[in-house]
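Residue numbers (the working numbering), protein chains in the order written: chain A, 43 to 554; chain B, 43 to 554.
Here the structure comes first, spelled out in C-alpha cells, and everything after it is commentary.
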C-alpha cells in the first residue's frame, strides 16, 4: 500500500460546554467534509495526536473508532487511519458543520430557512392556516375569553391525588401497546355517562378516545369525503371544522341558521347529495339555538336515505342552567348516521387533551384502523387518571358544581350588560354553555371592535370569523364561565367604553 | 283552543337498572316518535298520570319539562300538555327507541350495521387498512416479538414515583392550553439529548412532540405531497410508512437496498423529481445496514438541489452495542431538508405514546399550524413526567442499562441460532437494535412459516411484509430485546422444529 502523506490538521477552538471527545469528533469530521482533510489523507497516529493535543490517547481512539464506524475513516490497528477515499463531491453549502451555538441569531435562522427549497403541497397550504392559538395561554382568563372553563374552580389538588394514587396502582402490563380506540374502562365510563346525561345508547365498542374533537373531524373527513364532495356547514358556523373540510377539498354548502338552528330543509335543497353534515345541534356555534325537534327528525331521515354522515359537535351543551341537558341528536340516531363528538377540554381543563367520538357501527372498524395507522393510540396516563376521576364520582360532582357557578356568571353578565351595554350590545337570554353571542345594535365592524377591545385588555371573538358565505350578524362572542363576577362587571364597563368610542367615529352615528 | 282527546298511554315495562324518570321520559318519547301518541294529542294531567303510575308528581313534571324543552310537548301550566303538532313524517326505521340492552346480541349489532348506507371515500378505504395491531398486547412478550423493548426491565416503580412527585408540583396554569408543538422543557431536553447522542444540532423551536412517528408521517405527507408526487421508499421497507404514503395518493418509487442501505444513486435515476424520501438511515428496516457515508452525502446534496424532504425514521438505532450510536443523517443536514423522527415507545414503553420530530426550519410554522388544526397539542401529563425522567438522569441511565441487557440477548440469540437454527436461518452479526432479520436458507414462504410458528406460540414477522415492488429476501424478523435468554434458547429450538417440518413438505426438499 502506498503510504499517504500524513497531514497536519488545524483544529478550531473548543467551546467551554463541549466535551473533548465531541470537539475532536466534530473538528475532524468537519475537516474531512470540507476537504481540509482530502480523501485518502493519512491521519496522525493516535498516540502522536494525543500528545500534540494534550488529551488522553483513549479519547483519540474513541473518536477514531466512531469516525471509522460512520465511514469517515478507513484503516486498521498498526497501519494508521486514512480519510475514506470515496466520498462524493460535497455541496458548497456544507461548510460549517461545527456546533451551532445554543442561541442562534435571527439572521442565522433566516439564512438557514432561506437555504431550504421545500415547497408545500396545495393541501399543505390549506392545512397550514389555522384558526387556533399555537402558543400556550398561561395567564388567568380575562373578561371575556370565550370557550374556556374556569380553571381556578377545577379541584386541582384532588386531581393530583387521583393521578398519584391511580398511577401507583397501575400494573406493569399497562406499559405495553393499548387498544387503538383507547383505554376500555374509560370508554365504558363515557358510554355510561352519555346514557344518563345525553340519552345516547352506545357501548364502549363504539367510543373512540382521541386528543381533540379536531382529530375526529380530520379522520372522518378523510374516511368519507372524496374531493369535491359536499359538506353542510352551518352559516355562521365553527371555523375550526370548516377549515378542515376545506383543506380536504370538500365543497362547502353553507346552510343558513335561524332560531331553530340549522335550516335543514334549506340544506336538503342546497346540497341534497352531501356526504357529510357538520352540526352543533345542542347549542349552535356561535348563535346559540338548539336544533328544533322537527329538524332533528328531518335531518336523520334525510341522512338515512342518502347515507350521509352527520358530525354532531357537542362542545359545551352539558352546561344547561335549567333542567337536565337536552338529549343529543345522536340519541335519535337509530340508523347509525351520526358521529357524536364531545370533549373534556371544556368540562375539565384544556391541557388534559381528551376528547371522544361515538361512532356509527359501520365506521367503527375503519376509524379504528385509520387511527391506528395515522396515530396509533392516545397516551394511557391521562386516560387512566380521567377514568378514576369519573369512576369515583368526582366528574359528576364537578359538572353539577360548575353548572351552578357558570349559571351565576351568566346572570352576572346579563346584569352587567343590562347596566353597562344597553343600546350597544344585545345579549339573548343565556341558558346554556360557557359563552354567549352579543349582537351589535348597529352595523359595525365586529373584527375592528374586538381588536380595539383586545388593546384595552378585553378578550372576545368577533362573530364575523364564523361567517361562511353570508355575513354573520355583527357581534362578539363573550365568555363568562372563566371570569369572576366582579371582573365581568368591570369588563362590561370597559367594553362599553370601547364600543362608545367606535360609534363616535362611525359613519352610522347620524342614525342615533 | 279546541280540546284534544286525552289519550290513554300504554307504557312498556321498566328495566331494573333504569330510573323511573329515565323510563318515563323514554317511553313517552317513544310513544310520540312512533305515532302511538299522535301530533296534537293531549297528555294526562301530571297529577293524574302520577297517580296512575304510582310515582311522584315531581318526577312526572320533570319529565314533562324535559320533553317540552326538547320539543316533544307543547303546553303550559294549567292547560295541560300536548304532543307537538308539527313533527315530520317519521322514518319507519325509527321504531324502537327504547333502551338498548347493555349486552347487544351480535345479530342486533349486524342488523344495526346493515341499516347504515355510509360508504367510505377512496382515501378512506386506503386509510382503513392498517398494518398495525388495533387491540392491546397485554401478555408478556414471547420469543421473538419484534419491535419491542423489555417492559419487565423498565424501572416502573421509579417512573410511578416521578409521575406522582412531578404531578404534585404542577402549577395551576398548566391546566390551560399548551403550545401546539408540546411542553417546551421536554422539547429542550430532547434537543439536548439529540446533540450528544446523535450529533443533531437543533433548538426546542424545531422539536415537535407528537403521539407517534406515524403521526409525523401523516402530517408531513399532507404538507408536502400533491397527489401523484413521487416518494422514495426503501425496498424492502417499513409498511407503516408506505401505507400512509400510498393512502395520500403518492407514487412510490421503490429504491433497492444493499449492504450500504438504500441505493441512493438508483433513487436519483428512478425518481429524480421525488418530493419526499423515507429512509431508515440508522438501521435499515428490516435488513439492518446503516446508510453508507457516501450515500448520506449524495442524498443530502440531491435533496438540497431538488427541494425534497427526507424523513429519517430513527426508530431504534439508539441501541448500538459497540461504541456510541452513529450520528444521524440529520446531523449532516445543513440545508434543512431532513425531518428527523424518534420515539420513546421503544426506548421506554409503548403506552407512553410520545414521539418527536426535528423539523427543518421552513416546515416549523406549517407543521405547527397543521398540528394545531388537526390535533391541537398532546396531553401535558405524560410530557411533564417524561421531562422529569430525562432531567433527573434516569433516561440516560436506563438507555445504558438496556444497551447492555439487549446486547446480551442479541448474543444469546446468535448463540441459540448457531446451535439450533444452523442451516435453517442465517442471522447476520447483530450490533444494533431490538430485533434482527433472520434469512431463510432456502426459498420458502416466510409468511406461511411465520403463521405456522405463531400457531406454536412463536412470534415473528415475515420479511415479505416489507416488500414494496421486488420480493424481499425470505426470512423472519426476530425480536430479542423483550425476551429472556432462557426463552430465546427454547424459542430457537421450537422455531427450528417448525422450520424443519415445513422443509419436509417443501417441493424444494430434493435440493437438500
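The C-beta atom is built at its ideal place from N, Cα and C for all residues, glycine as well.
Bear in mind the structure is a predicted one, so any value in this text is a computation, not a measurement.
Can you give me the C-alpha to C-alpha distance between residue i and residue j, rounded to a whole angstrom?
{"i": "residue 127 of chain B", "j": "residue 74 of chain B", "result": "11 Å"}
{"i": "residue 271 of chain B", "j": "residue 263 of chain B", "result": "10 Å"}
{"i": "residue 114 of chain A", "j": "residue 324 of chain B", "result": "15 Å"}
{"i": "residue 153 of chain A", "j": "residue 307 of chain B", "result": "29 Å"}
{"i": "residue 416 of chain B", "j": "residue 328 of chain B", "result": "31 Å"}
{"i": "residue 158 of chain A", "j": "residue 207 of chain A", "result": "49 Å"}
{"i": "residue 29 of chain A", "j": "residue 444 of chain A", "result": "One cannot answer for residue 29 of chain A here, as it falls past the ends of chain A, which runs 43 to 554."}
{"i": "residue 97 of chain A", "j": "residue 110 of chain A", "result": "20 Å"}
{"i": "residue 301 of chain A", "j": "residue 326 of chain A", "result": "10 Å"}
{"i": "residue 259 of chain B", "j": "residue 246 of chain B", "result": "20 Å"}
{"i": "residue 538 of chain A", "j": "residue 352 of chain A", "result": "40 Å"}
{"i": "residue 274 of chain A", "j": "residue 214 of chain B", "result": "39 Å"}
{"i": "residue 229 of chain A", "j": "residue 102 of chain A", "result": "57 Å"}
{"i": "residue 295 of chain A", "j": "residue 480 of chain A", "result": "26 Å"}
{"i": "residue 59 of chain B", "j": "residue 509 of chain A", "result": "46 Å"}
Using a 10 Å radius around the Cβ and a threshold of 16 neighbouring Cβ atoms, would you call residue i buried or exposed?
{"i": "residue 340 of chain B", "result": "buried"}
{"i": "residue 551 of chain A", "result": "Here the model assigns residue 551 of chain A a pLDDT of 44, short of 50, so the residue's position is not dependable and the matter cannot be decided."}
{"i": "residue 299 of chain B", "result": "buried"}
{"i": "residue 497 of chain B", "result": "exposed"}
{"i": "residue 164 of chain A", "result": "exposed"}
{"i": "residue 57 of chain B", "result": "exposed"}
{"i": "residue 501 of chain A", "result": "buried"}
{"i": "residue 161 of chain B", "result": "exposed"}
{"i": "residue 91 of chain A", "result": "buried"}
{"i": "residue 446 of chain B", "result": "exposed"}
{"i": "residue 461 of chain B", "result": "exposed"}
{"i": "residue 143 of chain A", "result": "With a pLDDT of 46 at residue 143 of chain A, under the threshold of 50, the modelled position of that residue is not reliable, and no figure is offered here."}
Identify the contact partners of residue i in chain A, using a Cβ-Cβ distance below 8 Å as the criterion.
{"i": "residue 9 of chain B", "result": "Outside the shown range of chain B (43 to 554) lies residue 9 of chain B, about which nothing can therefore be said."}
{"i": "residue 205 of chain B", "result": "205, 206, 209, 423"}
{"i": "residue 372 of chain B", "result": "Simply none; closest approach about 12 Å."}
{"i": "residue 285 of chain B", "result": "415"}
{"i": "residue 202 of chain B", "result": "209, 210, 212"}
Could you pull the DSSP bridge partners for residue i from this structure?
{"i": "residue 503 of chain B", "result": "B:519"}
{"i": "residue 557 of chain A", "result": "This structure gives no information on residue 557 of chain A, because the portion of chain A shown stretches from 43 to 554."}
{"i": "residue 274 of chain B", "result": "B:295, B:319"}
{"i": "residue 123 of chain A", "result": "A:117"}
{"i": "residue 391 of chain B", "result": "According to DSSP, residue 391 of chain B bridges with nothing at all."}
{"i": "residue 250 of chain B", "result": "B:399"}
{"i": "residue 300 of chain A", "result": "A:303"}
{"i": "residue 174 of chain A", "result": "Answer is none; residue 174 of chain A lacks a bridge partner."}
{"i": "residue 186 of chain A", "result": "A:521"}
{"i": "residue 362 of chain A", "result": "A:474"}
I want to verify the contact list: residues of chain B whose CB lies under 9 Å from the CB of residue i, in sequence order.
{"i": "residue 452 of chain A", "result": "Residues of chain B passing the Cβ test: none, with the nearest at roughly 17 Å."}
{"i": "residue 328 of chain A", "result": "Those within 9 Å of residue 328 of chain A in chain B number zero; the least Cβ separation is about 19 Å."}
{"i": "residue 365 of chain A", "result": "104, 107, 108, 111"}
At 7 Å on the CB atoms, spell out the chain B contacts of residue i, in chain order.
{"i": "residue 351 of chain A", "result": "160"}
{"i": "residue 240 of chain A", "result": "Ordered by position in chain B, no residue passes the 7 Å Cβ test against residue 240 of chain A, which lies about 11 Å from the chain."}
{"i": "residue 57 of chain A", "result": "Within 7 Å Cβ-Cβ: nothing; residue 57 of chain A doesn't reach chain B, min ~12 Å."}
Along chain A, in chain order, which residues have C-beta atoms closer than 7 Å to that of residue i?
{"i": "residue 369 of chain B", "result": "112"}
{"i": "residue 228 of chain B", "result": "Those do not exist, as residue 228 of chain B stays about 13 Å from chain A at its closest Cβ, beyond 7 Å."}
{"i": "residue 216 of chain B", "result": "393"}
{"i": "residue 260 of chain B", "result": "416"}
Along chain B, in chain order, which residues have C-beta atoms closer than 8 Å to that of residue i?
{"i": "residue 266 of chain A", "result": "160, 161, 162, 163, 166"}
{"i": "residue 420 of chain A", "result": "253, 395, 421"}
Flag residue i as yes if its beta-carbon sits less than 9 Å from any beta-carbon of chain C, otherwise no.
{"i": "residue 434 of chain A", "result": "Among the protein chains in the structure shown, which are A and B, there is no chain C."}
Within the segment 209–243 of chain A, note down every full alpha helix (DSSP H) run reaching 4 residues or more, in order along the chain. 226–240
4-residue-minimum alpha helix (DSSP H) runs that sit fully inside the segment 87–120 of chain A, ordered along the chain: 88–95, 99–111
What are the complete alpha helix (DSSP H) segments, minimum 4 residues, inside the segment 423–498 of chain B? 436–458, 488–497
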